[in-house]
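A.B. asks: Would you mind keeping the following structure in view while I ask a few things?
2 protein chains.
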Amino acid sequence: MQNISLEELAGKAKVSKTTASLVLNGKGDRYKINKDTQQRILRVAAEYNYRPNFSARSLTKGRTMTIGLVVPNIADSFYSNIAFQLEQQLANTEYQLLMGSTRENSEREEALINTFLNRQVDALIVATTQKKQAYIERIYNSGIPVVLFDRHYPNSLLPHVIVDNYRGINKLIHHLQSKSRTNIGYVGLELELDAIKERQLAYNDWMKATSSPDFFRTVHYENYQAECEGVVSQLLQNGVDALLFETHYLALEGIKCMTSKGFHCPDDVSVVSFGDHQAFSVFTPGITVVHQPVARIAENCLELVFEQLKEGGLQSSGEIILEPELVIRNT
Amino acid sequence: MQNISLEELAGKAKVSKTTASLVLNGKGDRYKINKDTQQRILRVAAEYNYRPNFSARSLTKGRTMTIGLVVPNIADSFYSNIAFQLEQQLANTEYQLLMGSTRENSEREEALINTFLNRQVDALIVATTQKKQAYIERIYNSGIPVVLFDRHYPNSLLPHVIVDNYRGINKLIHHLQSKSRTNIGYVGLELELDAIKERQLAYNDWMKATSSPDFFRTVHYENYQAECEGVVSQLLQNGVDALLFETHYLALEGIKCMTSKGFHCPDDVSVVSFGDHQAFSVFTPGITVVHQPVARIAENCLELVFEQLKEGGLQSSGEIILEPELVIRNT
DNA sequence: CTGAAAGCGCTTACAG
DNA sequence: CTGAAAGCGCTTACAG
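Chains as they are written, first to last, in the UniProt record's numbering: chain A, 1 to 331; chain U, 1 to 331.
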């Protein structure tokens with residue numbers, strides 16, 4: 001098990017480091033190394049369980065075969081699913097994922113990216129706090145592949161894969177209307193994120209267009225549990241007949257509050273959510289949601305990464321907008 | 001942004017690489033480098049945004065400051081929470097996490113560990129499929145720090161932090177009994193894991209001791225959703241008044257089936273789960289669970305890692321058994 | 001077909 | 001107080 005070096009390996013196989021290295025890297029045939037010699041080298045390598053030193057290889061090749069993943073919270077089911085997908089799709093490549101959570105803190109985001117850069121990751125996939133545009137652009141412009149997902153910077157050339165947030169909310173509202181709900185409460189987050197703003201805009205546009213009552217409410221990310229409770233009970237008193245949650249964890253919190261107050265879903269008030277969650281198909285009634293295509297998002301992120309890693313660099317526009325899909329359940 | 005090397009940096013600061021390296025690594029005072037010289041070096045470093053090449057440093061120091069985390073599934077809330085905790089607790093250290101999912105496939109586990117080892121991770125934290133004892137022991141014995149969590153190998157010296165599975169199930173059963181439930185159905189997994197066996201043993205011991213009817217059932221990991229449905233509806237027909245699920249995702253699936261069949265919880269049948277889930281406090285009624293102390297598990301894993309990394313190596317027994325905590329909700 | 005040698009970018013004895 | 005030099009373990013032109 002104890003690592004032997006290329007040099008020792010070469011010694012035992014009675015060849016030079018060059019030859020050993022060539023063979024071990026599958027270039028034996030190309031360099032017309034004797035079959036016997038090749039066999040010998042391979043045998044010795046197997047026998048001593050030779051592990052090429054990754055740091056040394058990275059140093060000479062200038063690549064670490066590592067991709068840095070930065071998300072707000074890896075314990076959040078959306079991001080952990082993205083991580084899982086990325087990892088699975090990367091499983092048959094040489095790439096590995098290094099990851100970290102920002103907890104929506106932009107300082108932590110910068111520190112994390114910085115750490116990853118210090119480690120010479122070959123690319124960065126980040127769900128940004130959207131407060132580090134200049135910093136990330138500087139990195140991107142210095143030649144390091146970057147792809148943003150879930151959140152992006154409008155008016156920026158940074159490659160990104162996002163979901164059509166506006167349409168997502170629209171779909172939810174239309175669905176609710178088809179169920180004859182008109183007093184639709186909206187529970188969102190107080191965050192400076194474009195993805196969030198888009199969702200809120202969709203609701204507000206609808207509200208104005210239909211002259212619906214203003215049941216638009218937001219809570220703070222850091223204290224969403226407590227605030228959500230307050231907002232929901234207030235909305236309930238105001239007589240909403242539907243509650244639209246901007247994100248899955250708000251919906252979870254909201255449902256908790258609703259049922260604790262004895263309100264029934266969907267009879268009293270219908271609940272829908274932007275973003276799915278394992279629990280939503282388990283609840284009775286099942287919660288209708290707009291689903292974010294996790295596997296597709298991961299796939300597209302990697303496509304953009306590899307496109308940048310390739311010779312000519314990014315060829316496409318670098319913008320991928322996915323359609324969120326309405327999953328109709330019982331609400 | 002373009003990286004400059006130590007050599008260039010030294011050139012610009014008009015010192016040798018040695019001096020620059022010393023100062024940059026905070027050893028300036030120890031080596032009594034002139035204050036002025038130090039200032040100059042630091043200034044140049046800042047000006048050119050010097051990033052020491054991590055691969056080069058790893059190569060010379062023989063350490064990568066990287067810990068490999070191997071779990072069955074990073075999208076599983078239990079493991080993603082562990083990952084989050086590890087990452088947060090590691091945030092003020094130089095260590096980073098590299099992670100991968102085995103999907104309970106032991107071949108994939110070996111491949112993953114192998115990849116991590118190729119990358120010279122400094123330590124391994126793994127929730128093993130429990131089919132790779134010899135392989136992992138060989139690694140451990142070769143001097144690489146390893147800590148197992150969630151699953152371990154009984155009769156092995158591999159350091160591990162686990163939960164008292166037997167007691168966990170016991171607590172759940174006692175709780176159910178205190179609610180006067182006697183026909184307790186058990187839904188578990190068909191997996192060769194000690195953690196699982198312990199849970200099942202606890203149920204079976206209780207069953208025999210109390211001459212309770214045999215409502216012990218298992219499903220296959222790969223097809224648990226479909227099979228769970230079958231098992232649960234059968235148990236329901238058999239007239240159980242309580243359902244004990246061996247793990248959170250089985251409970252989720254079971255509840256779905258139960259409610260779809262019109263059974264009410266806890267009136268008709270009370271549901272409890274080994275392992276908590278975000279949804280369980282949202283459901284009405286709240287699901288009583290035995291909670292796995294995620295933060296403590298992560299903390300203890302790191303303690304064992306660092307103990308092994310330290311000079312003398314492991315001093316403690318290397319076995320940490322945590323108590324699962326009963327969280328009583330409405331069931 | 002195969003080897004000697006340079007180089008990747010650091011750190012750290014060793015000198016002075 | 002500071003520098004020249006060796007060495008970490010690879011890869012890859014360059015020779016022959």
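Even glycine gets a Cβ: it sits at the ideal position worked out from N, Cα and C.
#1: In chain order, what residues of the region 283-299 of chain A put their CB closer than 8 Å to some CB of chain U?
#2: By how many angstroms is the C-alpha of Ser-273(U) removed from the C-alpha of Tyr-186(A)?
#3: Would you identify the three-state DSSP class for residue 338(U), choosing helix, strand or coil?
#4: With distances taken Cα to Cα, identify the nearest neighbour of Asp-268(U) among Ala-295(U), Leu-236(U) and Thr-284(U).
#5: If you reduce the DSSP assignment to three classes, tell me which class Met-1(A) lands in.
#6: Do Leu-117(A) and Tyr-50(A) have their C-beta atoms closer together than 8 Å?
#7: Once DSSP output is grouped into helix, strand and coil, what is the label at Ile-67(A)?
#8: If you measure from the beta carbon of Met-1(A) to each beta carbon in chain U, is any gap under 8 Å?
#9: Distance, Cα to Cα, Arg-103(U) vs Gly-28(A)?
#10: Where Gly-275(A) and Lys-17(U) are concerned, what is the direct C-alpha to C-alpha distance, given to the nearest angstrom?
#11: Return the CA-CA distance between Gln-200(U) and Ser-233(U), expressed in angstroms with no decimal places.
#12: Apart from the five residues just before and just after Val-240(A), which ones in its own chain have a Cβ nearer than 7 Å to its Cβ?
#13: Strictly below 7 Å CB to CB, what residues from chain A border Phe-54(U)?
#14: Nearest-angstrom Cα distance between Glu-137(A) and Gly-230(A)?
#15: How about Gly-275(U): is its C-beta nearer than 8 Å to some C-beta of chain A?
#16: To be precise: take each residue of the UniProt domain "HTH lacI-type" (4-61) of chain U, compare its Cβ to all Cβ atoms of chain A, and keep it if any distance is under 8 Å. Which residues remain?
#17: Where does Lys-261(U) land, buried or exposed, given buried means 16+ other C-beta within 10 angstroms?
#18: If we count the other Cβ atoms within 10 Å of its Cβ and call it buried at 16 or more, is Ala-226(A) buried or exposed?
#19: Along the beta strand (DSSP E) that carries Tyr-203(A), what are the first and last residues, could you check?
#20: DSSP beta-bridge partners for Ile-125(A)?
#21: Chain A beta carbons: is any one of them nearer than 8 Å to that of Phe-78(U)?
#22: Excluding the 5 residues flanking Arg-151(A) on each side, which residues of the same chain have their C-beta closer than 7 Å to its C-beta?
#23: Compare the beta carbon distance of Gln-96(U) and Glu-299(U) with 8 Å and say whether it is the shorter of the two.
#24: Nearest chain A C-beta to Phe-84(U) closer than 8 Å, yes or no?
#25: What span of residues does the beta strand (DSSP E) with Thr-218(A) cover, start to end?
#26: Nearer than 7 Å: is that true of the beta carbon of Glu-222(A) relative to any heavy atom of the ligand FMN?
#27: Which class does Val-269(A) belong to by DSSP, given the choice of helix, strand or coil?
#28: With a threshold of 16 other CB atoms inside 10 Å of the CB of Tyr-249(U), please say whether the residue is buried or exposed.
#29: Within the 8 Å Cβ cut-off, does Gly-100(U) reach chain A?
#30: Counting only beta-carbon atoms, is Leu-252(U) nearer than 8 Å to chain A?
#31: For Phe-283(A), tell me which candidate among Thr-210(A), Ile-113(A), Ile-41(A) and Thr-259(A) has the shortest Cα-Cα distance.
#32: Comparing alpha-carbon positions, which option in Leu-252(A), Val-23(A) and Ile-173(A) lies nearest Leu-326(A)?
#33: Does the distance from the CB of Leu-86(U) to the CB of Leu-322(U) come in under 8 Å?
#34: In chain A, what lies closer than 9 Å to Thr-115(U) by C-beta?
#35: For chain A, check one thing: does any of its Cβ atoms lie closer than 8 Å to the Cβ of Asn-105(U)?
#36: Beta-carbon of Lys-208(U) versus every beta-carbon of chain A: anything under 8 Å?
C.D. replies: So, to answer that:
#1: Phe-283 and Thr-284
#2: The residue labelled residue 186(A) in the question sits at position 186 within the first sequence. The residue labelled residue 273(U) in the question sits at position 273 within the second sequence. So the alpha carbons of these two residues sit roughly 33 Å apart.
#3: Examination of residue 338(U) is not possible in this model, given that chain U is present from 1 through 331 alone.
#4: Here residue 268(U) corresponds to residue number 268 of the second sequence, with the count starting at 1. Comparing Cα positions, the closest option is Leu-236(U).
#5: Reading the first sequence from its first residue, position 1 is the one you call residue 1(A). Caution is warranted here: a pLDDT of 44 is assigned to Met-1(A), below 50, making its placement in the model unreliable, and no coordinate value can be reported.
#6: On the first sequence, position 117 is the one that residue 117(A) refers to. On the first sequence, position 50 is the one that residue 50(A) refers to. Result no, Cβ atoms of Leu-117(A) and Tyr-50(A) do not sit closer than 8 Å.
#7: Counting from 1 along the first sequence, the entry for residue 67(A) is found at position 67. Here Ile-67(A) sits in strand by DSSP.
#8: Numbered from its first residue, the first sequence carries residue 1(A) at position 1. With a pLDDT of 44 at Met-1(A), under the threshold of 50, the modelled position of this residue cannot be trusted, and the question is left open.
#9: Sequence index remark: in the second sequence, residue 103(U) carries index 103 (1-based). Sequence index remark: in the first sequence, residue 28(A) carries index 28 (1-based). Between Arg-103(U) and Gly-28(A), the C-alpha separation is close to 35 Å.
#10: On the first sequence, residue 275(A) is found 275 positions in, with the first residue counted as 1. On the second sequence, residue 17(U) is found 17 positions in, with the first residue counted as 1. Between Gly-275(A) and Lys-17(U), the C-alpha separation is close to 53 Å.
#11: On the second sequence, residue 200(U) is found 200 positions in, with the first residue counted as 1. On the second sequence, residue 233(U) is found 233 positions in, with the first residue counted as 1. Each residue's alpha carbon lies about 20 Å from the other.
#12: To locate residue 240(A), count along the first sequence from 1; it is residue 240. Cβ neighbours of Val-240(A) beyond the five flanking positions: Asn-183, Ile-184, Gly-185, Phe-215 and Val-269.
#13: The residue given as residue 54(U) occupies position 54 in the second sequence. Going along chain A in sequence order, the residues near Phe-54(U) (Cβ under 7 Å) are Asn-118, Arg-119 and Gln-120.
#14: Within the first sequence, numbered from 1, the residue matching residue 137(A) stands at position 137. Within the first sequence, numbered from 1, the residue matching residue 230(A) stands at position 230. Each residue's alpha carbon lies about 39 Å from the other.
#15: Reading the second sequence from its first residue, position 275 is the one you call residue 275(U). By this cut-off, Gly-275(U) is not an interface position.
#16: Arg-51, Pro-52, Asn-53, Phe-54, Ser-55, Ala-56, Ser-58 and Leu-59
#17: The sequence position of residue 261(U) within the second sequence is 261, counting from 1. Label assigned to Lys-261(U): exposed.
#18: Translated into the one-based positions of the first sequence, residue 226(A) becomes position 226. Exposed, because fewer than 16 other Cβ atoms sit within 10 Å of the Cβ of Ala-226(A).
#19: Taking the first residue of the first sequence as position 1, residue 203(A) is located at position 203. Counting along the chain, Tyr-203(A) falls outside any beta strand (DSSP E), though it belongs to the alpha helix (DSSP H) covering 194-210.
#20: As a working note, residue 125(A) is residue 125 in the first sequence. The partner list for Ile-125(A) (beta bridge, DSSP) reads Leu-69(A) and Val-147(A).
#21: Mapped onto the second sequence, residue 78(U) falls at position 78. Not one chain A Cβ lies under 8 Å of Phe-78(U).
#22: What you label residue 151(A) is simply residue 151 of the first sequence in a count that begins at 1. Counting only Cβ-Cβ distances below 7 Å, and skipping sequence neighbours, we find Ala-127, Thr-128, Gln-130, Leu-193, Asp-194 and Ala-195.
#23: Taking the first residue of the second sequence as position 1, residue 96(U) is located at position 96. Taking the first residue of the second sequence as position 1, residue 299(U) is located at position 299. No, the pair does not count as a contact, with Cβ atoms beyond the cut-off.
#24: Indexing the second sequence from 1 puts residue 84(U) at position 84. Answer yes: the Cβ-Cβ gap between Phe-84(U) and chain A drops below 8 Å somewhere.
#25: Locating residue 218(A) in the first sequence gives position 218, counting from the first residue. 216-219 is the extent of the beta strand (DSSP E) around Thr-218(A).
#26: In the structure shown, the ligand FMN is absent, as is every other ligand, since no ligand is present at all.
#27: Looking up residue 269(A) in the first sequence gives position 269. Coil, per DSSP.
#28: Numbered from its first residue, the second sequence carries residue 249(U) at position 249. Looking at its Cβ environment, which holds 16 or more other Cβ atoms inside 10 Å, Tyr-249(U) is buried.
#29: On the second sequence, position 100 is the one that residue 100(U) refers to. True, the Cβ-Cβ gap to chain A drops below 8 Å.
#30: Locating residue 252(U) in the second sequence gives position 252, counting from the first residue. Leu-252(U) counts as touching chain A.
#31: The count along the first sequence starts at 1 and reaches residue 283(A) at position 283. Considering only alpha carbons, the answer is Thr-259(A).
#32: For the purposes of this step, residue 326(A) is taken as residue 326 along the first sequence, with counting starting at 1. Checked all of Leu-252(A), Val-23(A) and Ile-173(A); the closest Cα to Leu-326(A) is Ile-173(A).
#33: For this step, residue 86(U) is matched to residue 86 along the second sequence. For this step, residue 322(U) is matched to residue 322 along the second sequence. Against a cut-off of 8 Å, the Cβ pair of Leu-322(U) and Leu-86(U) comes out as no contact.
#34: To locate residue 115(U), count along the second sequence from 1; it is residue 115. Result: Glu-94 and Gln-96.
#35: Stepping through the second sequence from its first residue, residue 105(U) is reached at position 105. No - not a single Cβ of chain A is within 8 Å of the one on Asn-105(U).
#36: Counting from 1 along the second sequence, the entry for residue 208(U) is found at position 208. Chain A contact via Cβ: absent.
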